[in-house]
Each structure stands twice: as structure tokens, then as C-alpha cells.
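Since the structure comes first, as C-alpha cells, the remarks are kept for the end.
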Amino acid sequence: MSRGNIILLVEDNADDVELTLRAFRKSKILNEIVVVGDGVEALDYLFATGVHAGRDPKSMPEVILLDLKLPKIGGLEVLRQMRADERTRRIPVVVLTSSNEERDILTSYDLGANSFVRKPVDFGQFVEAARHLGLYWLVMNEPPPR
Amino acid sequence: MSEIDHLRSENAQLREREEQLSQDLAAAYRHLESFTHSIAHDLRAPLRSIDSFAQILEEDIGARLDAEERRLIGVIRNGSRKMDQLILGLLDFSRAGSRPLEFDRIDMTAIAEAAAIEVRTHYSGTTPLIEIAELPAARGDAAAIRQVWCNLIGNAVKYSAKRPSPRITVSGRSENCQTVYQVEDNGAGFDMRYADKLFGVFQRLHRSEEFDGTGVGLAIVQCIVERHGGRVWATGIPDGGASVQFALPFVPGS
């Protein structure tokens, strides 16, 4: 299950990072997964600035898994800035968060999220969710032409 | 003249006070919102770590453990799952109390039927017969009242489904400037001595081994009904069924 492209995981909770990586591994998703721990680093990665200044800015992730509650710049603001920029406007963004607050769901879609998934507490369900996400966004979904 | 001046100044003071109170209320509401938001996010994250890593442990080394060691991991996982249900229940309860209500005319028969279908969809076993009579219309927030019906019918299903011939009846009537609605079942019932506990948050009259649940369903019902200016009460007989009724104020033209 790989088109050889990168998944960008924006997540500050180390336990959740480990669980997500494990869930992808268990679901046989072998894409390279880049992990960034806050909103500033997420934007730095995407626009090849700051700590990621050396990165090739033309190589963009196939899909972004975005937590909402992040240090420095929150997930919703990351989403807003991404959608305002030509280079990142079309990258599929899956909001992957603990919240099931109606307000968070509505705001995410309003800002251009492609999907909203609540992290399950149960790891088995987490693996199942990761499998579905991988299958849908990395295999079935037709990415925007570059 | 001085009497009028006095009244004017009192009036101005009252208005000022009213303004202050509504500002306080808005602040309290915002505070509550950020509180529940924080519960949803921050309390559930460590819970996910506890349950998930216990599960990983179970998968990775479960085969090497003896029965007692595996049971202990199971205890950790059950505890965290239970806590997750309680947190979600608490969130539902706090939303029922703080979500703004939009009042409209409600076709109660249609909404009770829709709720019964929803309960059936979510219930895994065979659902009992649910009879819904023609119900008087009401005035209220459709989504909130639908939640009331879902919780009441859901409870009736849960507590009667294991009976030999379970039966649920939903009925309503208009009386003394109010409309009264009733959900009646022939299920496990309850002891009237504990009736006052029925509507408390996390209060349960049955052990969770007998009937699954967190004890927020009826608390949410009471919260919503009272926000509509109504009241709710219940009668029951142990092993003889239960009946929950709620009354909403009758609004002319509704």
C-alpha cells in the first residue's frame, strides 16, 4: 500500500505519535511518515522554512494528518494558512483529533479540511481507522495533479 | 418630583444590574465551554495511552503471561474504557445544559417514531415491540426533544429486552395547560424508594453487570425537559416495569 509518498503527521503527544506509527505499521502502510510536533514546525516543513529550510519545497506530502490542539500555532490556524497558499491549497488534510466538539468539526470543514476523524480510545479501533485512512487517502483517492 | 427622580434612578440601577448579570452569564457560559472542550481533549489523551498500550502489551506478550496476569491487563483496559464512557457521558450532559435552544412547533408523533427507529438501529439484539400512539404537538427545540425520546425509548428497550414478551408503549395527552408524554415498559422496573436517585448524574439503580450504562441518560432528559419549563417523573415496580412521564407547558397556537 504505497505510492512512495510522504505522510505528514502533525502531532505533539509522543504517545499518540507512537500509537499512530504503530497503527500504520500494523495496517501495512509503508509510506515514509514525517512527524512534526507543533504548528510552527508543520508550516516550516510545508514551506521549507525555519528548521526545514534545507528541504526540497517541491516535494509535498500526499496527505496530512493534523491534530487540532498543538503548541504555538494550533491545527486550525495551520489549516487556514495552508489553504491560503497556492503551494499547499490542495493537499488532502485529515483532521485527526481527540475532540468530537461540533464546533471543531464545523470549523475544520469551513477551513477546507477533507476529512475529520476522532481518535478512538481503543487501540484496535485506532488500527482500524488507520487502515481505512491509508486505504482511502493513499490508494483510492486521486491526488491533485502536480 | 423627587419620587419620580427616585424611580428613575432605581430603574437605571436595575438596568445596569441586568446588564452586569447578562455579562456574567455569558462569561460563565464561555468558561463552561472551554472546560468541556478541555475535558474532551486533554482527559481523553492519557486515557488513550493507558488503554492502547495495555492492549499492545496484551498483544505482544499475552501469550507468555498466565491467566491471572492477563486478567490484570484486562482490568486496566476495562477501567479505562469505563472512564472514557463516563467522560463522553459527562460531555453529553454538559452539552444538554448549555446548548442554545431554538423553539419551534414539534410534531411529537413523528419525532418519537424517528427516535424509535434510531434506537432500533443502534440496538444489537431483537428490539421489543414499540407502540406509538398519536401524540399532542409541543413547542420546543426539536433536536433536544428528540434526544429526550431517544433516551427514554432507549432505556425502555434496554430494561425490557431480556423479558419473555417485552412491550413498550408511548402515549400522550393534553391536560391543565400542559401536554404530558409517557413511555411505559414491562421490563426490570425499579424500587420506588430510590425514585429520587433516578435522575441524578451517574446514579444508577442497576448494577452494570445487569444492564450496561453510565447513568447520564435520565439526567440529560431532566435537564432538557426543565430547560423547556417542564418536569419529568417516573413510577416503577421491581420486575414489573417502569413508566417515565414528562410534561411540557402548553403554548396556545402550538
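Chains A and B, in that order, are what the protein sequence lines are.
Going by the numbering used here, the first sequence opens with residue 943, and the numbers climb by one from there.
Going by the numbering used here, the second sequence opens with residue 9, and the numbers climb by one from there.
In this text, a Cβ means the ideal position worked out from N, Cα and C, and glycines have one as well.
Quantities reported herein were computed from a predicted structural model and do not represent experimental measurements.
In the three-state DSSP reduction, Thr243 (chain B) falls in the strand class (E or B).
The C-alpha of Pro1087 (chain A) is placed about 53 Å away from the C-alpha of Phe210 (chain B).
Cβ neighbours of Ser969 (chain A) within its own chain (closer than 7 Å, five residues either side excluded): Val1069, Ala1072, Arg1073 and Gly1076. Counting of Cβ neighbours within 10 angstroms places Ser1001 (chain A) among the exposed residues, the total staying below 16.
Residue pairing from DSSP leaves Tyr37 (chain B) without any beta-bridge partner. Remark: C-beta atoms of Tyr189 (chain B) and Ala227 (chain B) do not approach each other more closely than 9 Å.
Between Ser179 (chain B) and chain A, the shortest Cβ-Cβ separation is not below 9 Å. Within the region 1033-1066 of chain A, those residues whose Cβ lies closer than 9 Å to any Cβ of chain B are, in chain order, Thr1039, Ser1040, Ser1041, Asn1042, Glu1043, Glu1044, Arg1045, Asp1046, Lys1061, Pro1062, Val1063, Asp1064, Phe1065 and Gly1066. DSSP places Leu1021 (chain A) in the helix class (H, G or I) of the three-state scheme. Less than 9 Å separates the beta-carbon of Glu983 (chain A) from that of His994 (chain A). At a cut-off of 9 Å between beta-carbon atoms, Asp92 (chain B) makes contact with chain A. Under DSSP, Thr187 (chain B) shares a beta bridge with B:Ser182 and B:Leu256.
According to the DSSP secondary-structure assignment, Val976 (chain A) is paired through a beta bridge with A:Leu950. With a minimum length of 4 residues, the unbroken runs of alpha helix (DSSP H) contained wholly in the region 1005-1088 of chain A fall at 1017-1025, 1044-1052 and 1065-1076. Proximity of Ile64 (chain B) to chain A, defined by a Cβ-Cβ separation below 9 Å, is satisfied. Ranked by Cα distance from Lys170 (chain B), the first of B:Ser132, B:Val240 and B:Ala75 is B:Ser132. Spanning the alpha carbons of Val1059 (chain A) and His49 (chain B) requires a straight line of approximately 13 Å. In the displayed model, Ser60 (chain B) falls within a helix according to three-state DSSP. Contact note: Asp954 (chain A) does not reach chain B at a C-beta cutoff of 9 Å; the least C-beta distance is about 10 Å. Those residues of the region 25-37 of chain B placed with their C-beta closer than 7 Å to a C-beta in chain A do not exist. Under the DSSP assignment, Glu217 (chain B) falls outside any beta strand (DSSP E); it carries neither an H nor an E label.
Not a single CB atom of chain A sits nearer than 9 Å to the CB of Leu98 (chain B). If you check each beta-carbon in the region 999-1024 of chain A against every beta-carbon of chain B, the ones closer than 7 Å belong to Lys1011. Contact annotation, Asp247 (chain B) with Ala196 (chain B): C-beta distance approximately 6 Å; criterion of less than 8 Å satisfied. For Gly979 (chain A), the closest C-alpha among the options A:Ser1040, A:Val959 and A:Ala990 is that of A:Val959. Per DSSP, the unbroken beta strand (DSSP E) holding Arg113 (chain B) starts and ends at Asp112 to Ile114.
DSSP, reduced to helix, strand and coil, places Leu137 (chain B) within a strand of the structure shown.
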